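Participant: Residue 43 in the UniProt record's numbering is what sits at position 43 of the sequence shown, and the numbering runs on without skipping anything. Idealized CB from N, CA, C, for every residue including glycine. Every value quoted in this text rests on a predicted model; they were computed, and no experiment measured them. Below you'll find the structure I mean.
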Amino acid sequence: EAVRTQLRAGGVQVQRDRVRESLIRTHPGAAALRAMAQRRSQRRLYSIAGPNSLWHIDGNQKLIRWRIVIHGGIDGYSRLIVFLHASNNNRSTTVMNYFLNAVARYGVPSRVRTDHGGENNDVCVINIFRGSERGRSTHNQRIERLWGLTNVYDNLFHFLESEGIVDIDNEMHLWA
Numbered sequence: 001e002a003v004r005t006q007l008r009a010g011g012v013q014v015q016r017d018r019v020r021e022s023l024i025r026t027h028p029g030a031a032a033l034r035a036m037a038q039r040r041s042q043r044r045l046y047s048i049a050g051p052n053s054l055w056h057i058d059g060n061q062k063l064i065r066w067r068i069v070i071h072g073g074i075d076g077y078s079r080l081i082v083f084l085h086a087s088n089n090n091r092s093t094t095v096m097n098y099f100l101n102a103v104a105r106y107g108v109p110s111r112v113r114t115d116h117g118g119e120n121n122d123v124c125v126i127n128i129f130r131g132s133e134r135g136r137s138t139h140n141q142r143i144e145r146l147w148g149l150t151n152v153y154d155n156l157f158h159f160l161e162s163e164g165i166v167d168i169d170n171e172m173h174l175w176a
């Protein structure tokens, strides 16, 4: 990709496949090393019995600078988003309310997977007898995948701030 970028900078348009073939032909050893370095690790097998077998819940504080905390829950089997809310706090009572509303709508999950964040304490306490799993956020992949979408808003808010459109010290800007 770096070679293509250099070519484009010089005004030359070349298809990706042609660049790759040329590199393999002219530098076969380097191409083999690149292929080994780019080899992806194999994903774990993810198997869930059915709907409501396991919910993944988590909070995202990426937008906390603008007083936005996002809490979400996803059914591990169907990938249905059972709740997704933005609030101005990271309290466990807030997460508990979102969780209970989702339970009223979709039913009680057999197990709940969370990270070690304190915002999940109340949910873990009520699920202690049913099955609550806590672990590293990387193992909570269903909900963590969703948080990648917040990058768009993070970039947008930073842009608005850099242009002087949003001032984080101005309460009106944060709540309007």
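What's the gap between the Cα of ASN52 and the Cα of ALA86?
Facilitator: In the sequence shown, residue 52 corresponds to position 52, counting from 1. In the sequence shown, residue 86 corresponds to position 86, counting from 1. Approximately 23 Å between the Cα atoms of the pair.
Participant: Checking 8 Å against the spacing of the C-beta atoms, do ASP167 and LYS62 come in under that value?
Facilitator: Locating residue 167 in the sequence shown gives position 167, where the first residue counts as 1. Locating residue 62 in the sequence shown gives position 62, where the first residue counts as 1. In this structure, LYS62 does not lie closer than 8 Å to ASP167 by Cβ.
Participant: Contact defined as beta carbons within less than 8 Å: I believe PHE83 pairs with GLY72. What is the distance between those atoms, to the nearest angstrom?
Facilitator: As a position in the sequence shown, residue 83 is number 83, starting the count at 1. As a position in the sequence shown, residue 72 is number 72, starting the count at 1. Yes, PHE83 and GLY72 are in contact; Cβ-Cβ is about 6 Å, under 8 Å.
Participant: Write down the C-beta distance between ASP58 and THR114 rounded to the nearest angstrom, noting that I regard them as a contact closer than 8 Å.
Facilitator: Numbered from 1 along the sequence shown, position 58 holds the residue referred to as residue 58. Numbered from 1 along the sequence shown, position 114 holds the residue referred to as residue 114. With a Cβ gap of about 6 Å, ASP58 and THR114 count as contacting.
Participant: Select from GLN15, PHE99 and LEU54 the residue whose C-alpha is nearest the C-alpha of residue 197.
Facilitator: The requested residue 197 is not part of the displayed model; the chain covers only 1 to 176.
Participant: Could you pull the start and end residues of the alpha helix (DSSP H) that residue 195 belongs to?
Facilitator: The chain is shown from 1 up to 176; residue 195 falls before or after that span and cannot be answered.
Participant: Have a look at GLY164 and LEU146 and give me their C-alpha separation to the nearest angstrom.
Facilitator: Within the sequence shown, residue 164 is the residue found at index 164, counting from 1. Within the sequence shown, residue 146 is the residue found at index 146, counting from 1. If I take the Cα positions, the gap works out to 29 Å.
Participant: From the DSSP output, in three-state form, read off VAL112 for me.
Facilitator: Here residue 112 refers to the residue found at position 112 of the sequence shown. Strand at VAL112.
Participant: For ILE24, which three-state DSSP category applies?
Facilitator: Along the sequence shown, read from residue 1 onward, the residue named residue 24 stands at position 24. The answer is helix: DSSP assigns ILE24 an H, G or I state.
Participant: I'd like the list of long-range same chain contacts for ARG136, defined as Cβ closer than 6 Å, with 5 residues on each side in sequence excluded.
Facilitator: For the purposes of this step, residue 136 is taken as residue 136 along the sequence shown, with counting starting at 1. At ARG136 the pLDDT is 49, less than 50, meaning the model places this residue with poor confidence; the figure from the coordinates comes in the next sentence. For ARG136, where only same-chain residues beyond five positions count, there are no Cβ hits under 6 Å.
Participant: Measure the CB-CB distance between ARG4 and ARG16 and report whether it falls below 8 Å.
Facilitator: Residue numbering aside, residue 4 sits at position 4 when the sequence shown is read from its first letter. Residue numbering aside, residue 16 sits at position 16 when the sequence shown is read from its first letter. Yes, the pair counts as a contact, with Cβ atoms nearer than the cut-off.
Participant: Classify HIS56: buried if its beta carbon has 16 or more other beta carbons within 10 angstroms, exposed otherwise.
Facilitator: Counting from 1 along the sequence shown, the entry for residue 56 is found at position 56. Buried, because 16 or more other Cβ atoms sit within 10 Å of the Cβ of HIS56.
Participant: Tell me, which residues are paired with VAL69 by DSSP?
Facilitator: The residue you call residue 69 lines up with position 69 of the sequence shown. BP columns for VAL69 point to SER87.
Participant: Determine, using beta carbons only, whether ARG4 comes closer than 8 Å to chain D.
Facilitator: Given the protein chain composition of this structure (a single chain), no chain D is represented.
Participant: Beta carbon of ILE70, beta carbon of ASN60: below 8 Å?
Facilitator: Start at 1 with the first residue of the sequence shown, and residue 70 comes out as number 70. Start at 1 with the first residue of the sequence shown, and residue 60 comes out as number 60. Going by C-beta atoms, ILE70 is nearer than 8 Å to ASN60.
Participant: Run through the DSSP bridge pairs and tell me what ILE81 is partnered with.
Facilitator: The residue given as residue 81 occupies position 81 in the sequence shown. Answer by DSSP bridge pairing, in chain order: ILE74.
Participant: Within the continuous beta strand (DSSP E) that includes LEU149, where are the two ends?
Facilitator: Against the sequence shown, residue 149 aligns to sequence position 149. Segment: none, LEU149 is in no beta strand (DSSP E) and carries neither H nor E.
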